[in-house]
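Colleague: To convert a position in the sequence shown, counted from 1, into the working numbering, add 51. Backbone N, C-alpha and C fix where the C-beta goes; we use that ideal spot for every residue, glycine too. Keep in mind it's a predicted model, so treat the numbers as computed, not measured. Dropping a structure here in structure tokens format, bear with me for questions.
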Amino acid sequence: MAAEEAAEAFLALPSARRNEDAEENREGGGETAALNGVVGSGKVKSNNLDVKVEESELETEEKRTEEESTRESNSNVLVVSSDYPREKHISIQRHLADLEKLADLKDEKKTCPLCPEEKFKACYSHKLHRHLQNLHWKVSVEFEGHRMCICHLPCRPVKPNLVGDQAFLKMGAHYHCIICSATITRRTDMIGHINRHVNKGETESRFITVPAPKSSHEVLKELATDVQVLPNYTTPQKTDSYFNPKMKLNRQLIFCALAVLAEERKPIECLDAFGATGIMGLQWAKHLRSSVKVTINDCNENSVTMIQENCLLNKMKVKLNTKEEDSDEAMGDGEENSGTIEVTKMDANVIMHLRSFDFIHLDPFGTSVNYLDSAFRNVRNFGIVSLTSTDLSSLYAKAQHVALRHYGCNIVRTEYYKELAARIVIAAVTRAAARCNKGIEVLLAVALEHFVLVVVRVLRGPSPADDSAKKIRYLIHCQWCEERIFQKEGNMVEENPYQQLPCDCHGSMPGKTAVVLGPLWSGSLFNTGFLRRMLFEAVQYGLDEVQPLLKTLICEAECTTSKHFSTHNPCDENKQEECGVYIKTANASAESCLVPGKRRSEEVIRNSAKRQKTESSAEHPAFYYNIHRHSIKGMNMPKLNKFLNYLSEAGYRVSRTHFEPMGVRTNAPLAQFKTILMKYSIPTYAGGQAEGPVHLTEDLQAGEESVQADAEDAEFLEDAKSGITAAMLAKNCPAHCVAD
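Shown next as structure tokens:
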């Protein structure tokens, strides 16, 4: 009877309490008299000492449970035990396969190890795999290689106000903390719970687990430069050593721009304001050597440590400067021929305010507008500022309110949205430079799938600043036909701004058909001489991936379809002058080259004015047309290269563009663009039968008749040469040919 009463009393306890008692009994070797009486031989032990020990343990356990329940009654966290060490819970695993191994392998049908039988009945292995993956593994919380899966076992008590199946379903799911052995119901609370442990420095697990191997740094190589990164280097939210392999083209473009500047004057001080792993600064110092003095900055301590290790990995000397004071430390031996890299731990705005540089590169994770004022404050005259913007959602008109907030620009989605993004960034750069009494000259602007890169040269003085600011204008865009034009200069209000558009959509359609976009940069996006020298540097350093892009940029800057490029130094042909600076050539001596300074001679100013006048007259046209956007329904348009030749033969300047693979940059109006496209398009077989003959305009009909007459004349001459008689010609040729 005593055994039965003890068993009933045990079964009446809550499920969590029963589990704890059972676990204590397993660990203690069966010291609970009532439970041993039921499970064992059916006899109750009469040892008074054991009974007293059991009663004292039960009392202490009840007190501890009451204290914990009162302390955690208003929260989702329940601390099960503070024993150290403790066995790892089965819901904490490294791989999904380890979790599947916990299922019963004897039977054909397997049960879920994290769900009771009432919730998930035994099923086949493929269903169990799907269940574990979708219900437990996908919503797990990751920490140091372990996964804390959601658990549906009765490990924690249910609130008394909820009873039955409803209570079991609502309160049964929970997570087991790997650090403090707490059970938490919500995933967001579990993540915050783990973050609090990390902030307090409590990262050692209190469970007895297999020691996890230390996260070995993965070594990547790019441009003969070794960089060690963390295993999760592609996710910037989880690691400080962010390294994006897709930005390799961006890094090569910046390297070529720096190499061109290093040929103009030596040595130059360059800054990588956001170092991360330091890959860009290491490439500068390793290949340009004594021509540059590299400074790599980052405000994160872990990133600074990673940059130092990467410098030593590439056998570079490191000069530390982690404070704003002049407390420098040198570390690392390096090689005799290698340069010294200065590593600083500051905010990017602070270091650019404190020091002057010849070359500054900004590559924050997002927009660069917060650092433009500091960049142009102390940059030297004729220096270069390059910035990479990755906030493509705002620049590509997917988040228009963000573009208005960051850049003060109103935009919509257009067919030329990539060039629109580049002009938005340049307009922000121009305004920031003008506030520091500096003007800019755009050397190149690239907008690809992953980034927008802008490289500008700095011109000191209020006059260049005014000239640059005048190139910021608004754009009138027709939303119906995609025609666009910059607003005319002047402060007078236009009575009807639609009259500036070449199209007549406003007159033929009711309502408003156009929008005003901007303010945007309306000047040139490329400097041909600088791009040619970048191509030369790319050939010299063996940068094969960036050479096709530079060739496309040169053709786009000249607005030509020519594909012939010389690989020799463009400075060998004649002396080049850019922004008032003479570029050293093979025939010119070092004394004849002008070193950038505060003043320039009258001859240099005169040559600069002539160059700017000739460049403005031959400036490439703004924006481009997408040939697919303006194709005719039921017509097969010509090949893109042939269509470019047709536009060129019509007397228009034309080239391809890197912004869009099927884009055409031309100074032809949209009406002429469509006319030539329609002229050389061929009706499709299905479209010709379904829609009938294509009705052309009078000009197109005249052009078609002339082309047909030329073809017939050529055919007639060929037949005459082959010796065919006139009678056979009359029999085989069409009626109008015979009449002619």
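Determine the contact status of ASP398 and ARG486, defining contact as a CB-CB distance below 8 Å.
Modeller: Mapped onto the sequence shown, residue 398 falls at position 347. Mapped onto the sequence shown, residue 486 falls at position 435. Not closer than 8 Å, so no.
Colleague: Helix, strand or coil: which one does DSSP assign to TRP34?
Modeller: For residue 34 there is no data in the structure shown, the boundaries of the chain being 52 and 791.
Colleague: Taking the alpha-carbon of ILE678 as reference, which of LEU333, GLU466, ILE358, GLU169 has the nearest alpha-carbon?
Modeller: For the purposes of this step, residue 678 is identified with residue 627 of the sequence shown, where counting begins at 1. Per the Cα distances, GLU466.
Colleague: List the endpoints of the continuous beta strand (DSSP E) containing GLY490.
Modeller: Residue mapping note: residue 490 aligns to position 439 of the sequence shown, counting from 1. From DSSP, the beta strand (DSSP E) with GLY490 extends over 489-498.
Colleague: Look at GLY541 and ASP518 and say whether their C-beta atoms are less than 8 Å apart.
Modeller: On the sequence shown, residue 541 is found 490 positions in, with the first residue counted as 1. On the sequence shown, residue 518 is found 467 positions in, with the first residue counted as 1. ASP518 is positioned such that its CB atom lies no closer than 8 Å to that of GLY541.
Colleague: Whose C-beta lies closer than 8 Å to the C-beta of LEU350 among residues of the same chain, with five residues either side of it excluded?
Modeller: In the sequence shown, the residue the question calls residue 350 occupies position 299. Leu is not the amino acid found at residue 350; the sequence shown has Cys there. Excluding residues within five positions, the ones whose Cβ falls inside 8 Å are LYS396, MET397, ASP398, ALA399.
Colleague: If you count every other CB in all the chains shown that lies within 10 Å of the CB of LYS693, and 16 or more means buried, which is it?
Modeller: Taking the first residue of the sequence shown as 1, we reach residue 693 at position 642. Classification of LYS693: exposed, given that the 10 Å Cβ count is below 16.
Colleague: Name, in chain order, the residues that DSSP records as bridge partners for PRO734.
Modeller: Reading the sequence shown from its first residue, position 683 is the one you call residue 734. Paired residues: MET686.
Colleague: What ranges does the beta strand (DSSP E) occupy inside the stretch 287-327, keeping only unbroken runs of at least 3 residues that lie completely in it?
Modeller: 319-323
Colleague: Counting along the chain, where does the alpha helix (DSSP H) carrying ARG181 start and finish?
Modeller: Sequence index remark: in the sequence shown, residue 181 carries index 130 (1-based). Note, ARG181: alpha helix (DSSP H), 176-182.
Colleague: Taking a contact to mean a Cβ-Cβ separation below 8 Å, would you say ALA608 touches LEU582 in this structure?
Modeller: For the purposes of this step, residue 608 is taken as residue 557 along the sequence shown, with counting starting at 1. For the purposes of this step, residue 582 is taken as residue 531 along the sequence shown, with counting starting at 1. Their beta carbons are under 8 Å apart, which means ALA608 touches LEU582 by this criterion.
Colleague: If distances are taken between C-alpha atoms only, which option among LYS366, ARG482, THR328 comes closest to GLU352?
Modeller: Along the sequence shown, read from residue 1 onward, the residue named residue 352 stands at position 301. Among LYS366, ARG482, THR328, the Cα nearest to that of GLU352 belongs to THR328.
Colleague: Assuming contact is defined by CB atoms lying nearer than 8 Å, are ALA313 and VAL343 in contact in what I supplied?
Modeller: Within the sequence shown, numbered from 1, the residue matching residue 313 stands at position 262. Within the sequence shown, numbered from 1, the residue matching residue 343 stands at position 292. Yes; because the gap between Cβ atoms is below 8 Å, this pair is in contact.
Colleague: Looking at HIS248 and ILE235, is the spacing between their C-beta atoms short of 8 Å?
Modeller: On the sequence shown, position 184 is the one that residue 235 refers to. On the sequence shown, position 197 is the one that residue 248 refers to. Going by beta carbons, ILE235 and HIS248 fall outside the 8 Å limit.
Colleague: Between ALA154, PRO205, GLU193, which lies nearest to HIS182 when the distance is taken from Cα to Cα?
Modeller: Here residue 182 refers to the residue found at position 131 of the sequence shown. The option with the nearest alpha carbon to HIS182 is ALA154.
Colleague: Going by C-alpha to C-alpha distance, which of ALA722, TYR676, LYS684 sits closest to VAL795?
Modeller: A query on residue 795 cannot be resolved here, the shown segment of the chain reaching from 52 to 791 and no further.
Colleague: How many Å lie between GLY434 and ASP277 at the Cα?
Modeller: Residue 434 sits at position 383 when you count from the first residue of the sequence shown. Residue 277 sits at position 226 when you count from the first residue of the sequence shown. Going by the C-alpha atoms only, they are around 29 Å apart.
Colleague: May I have the straight-line CA-CA distance separating PRO734 from THR726, to the nearest angstrom?
Modeller: Taking the first residue of the sequence shown as 1, we reach residue 734 at position 683. Taking the first residue of the sequence shown as 1, we reach residue 726 at position 675. Spanning the two alpha carbons is a distance of roughly 15 Å.
Colleague: List the endpoints of the continuous alpha helix (DSSP H) containing ASN353.
Modeller: Walking along the sequence shown from the start, residue 353 turns up at place 302. 352-364 is the span of the alpha helix (DSSP H), which, as asked, contains ASN353.
Colleague: Going by Cα to Cα distance, which pick from ALA496, GLU195, TYR731 is closest to SER682?
Modeller: Numbered from 1 along the sequence shown, position 631 holds the residue referred to as residue 682. Of the listed residues, the one whose Cα sits closest to SER682 is TYR731.
Colleague: Using the rule of at least 16 other Cβ atoms within 10 Å of the residue's Cβ for burial, across every protein chain shown, is HIS225 buried or exposed?
Modeller: The residue given as residue 225 occupies position 174 in the sequence shown. So HIS225 counts as buried.
Colleague: Contact between the stretch 495-507 and the stretch 525-535: three or more CB pairs below 8 Å?
Modeller: no
Colleague: How is ASN372 classed by DSSP in three states: helix, strand or coil?
Modeller: Residue 372 sits at position 321 when you count from the first residue of the sequence shown. Of the three classes helix, strand and coil, the one that applies to ASN372 here is strand, per DSSP.
Colleague: From which residue to which residue does the beta strand (DSSP E) around ASP277 run?
Modeller: Translated into the one-based positions of the sequence shown, residue 277 becomes position 226. 276-280 is the extent of the beta strand (DSSP E) around ASP277.
Colleague: By Cβ distance, which residues of its chain are closer than 7 Å to GLU273, with the 5 residues on each side in sequence left out?
Modeller: The sequence position of residue 273 within the sequence shown is 222, counting from 1. Sequence-distant partners of GLU273 (beyond 5 residues in either direction) whose C-beta falls short of 7 Å from its own C-beta, in its chain, are LYS299, ILE330.
Colleague: Quick check: PHE408 and GLU320, are their CB atoms within less than 8 Å of each other?
Modeller: Here the question's residue 408 lines up with position 357 in the sequence shown. Here the question's residue 320 lines up with position 269 in the sequence shown. Yes, they are a contact pair.
Colleague: Applying the criterion that 16 or more other CB atoms from any shown protein chain within 10 Å of the CB defines a buried residue, is THR439 buried or exposed?
Modeller: On the sequence shown, residue 439 is found 388 positions in, with the first residue counted as 1. Counting Cβ neighbours within 10 Å, THR439 comes out buried, since at least 16 surround it.
Colleague: Taking just the CA atoms, how far does TYR175 sit from ASN246?
Modeller: Within the sequence shown, residue 246 is the residue found at index 195, counting from 1. Within the sequence shown, residue 175 is the residue found at index 124, counting from 1. The alpha-carbon atoms of ASN246 and TYR175 are separated by roughly 38 Å.
Colleague: If we count Cβ pairs, one from each stretch, closer than 8 Å, do we get three or more for the stretch 502-512 versus the stretch 300-307?
Modeller: yes
Colleague: Looking at the unbroken beta strand (DSSP E) that takes in ALA565, where does it start and where does it end?
Modeller: Within the sequence shown, the letter at position 514 stands for residue 565. DSSP places ALA565 in the uninterrupted beta strand (DSSP E) bounded by 565-572.
Colleague: Leaving aside the five residues before and after CYS166 along the sequence, list all residues of the same chain whose C-beta is less than 7 Å from its C-beta, in chain order.
Modeller: If you number the sequence shown from 1, residue 166 lands on position 115. Once the five neighbours on either side are set aside, the close Cβ partners of CYS166 are HIS203.
Colleague: Tell me the rounded alpha-carbon separation between LEU594 and LYS337.
Modeller: The residue you call residue 594 lines up with position 543 of the sequence shown. The residue you call residue 337 lines up with position 286 of the sequence shown. Taking the straight line from one Cα to the other gives about 15 Å.
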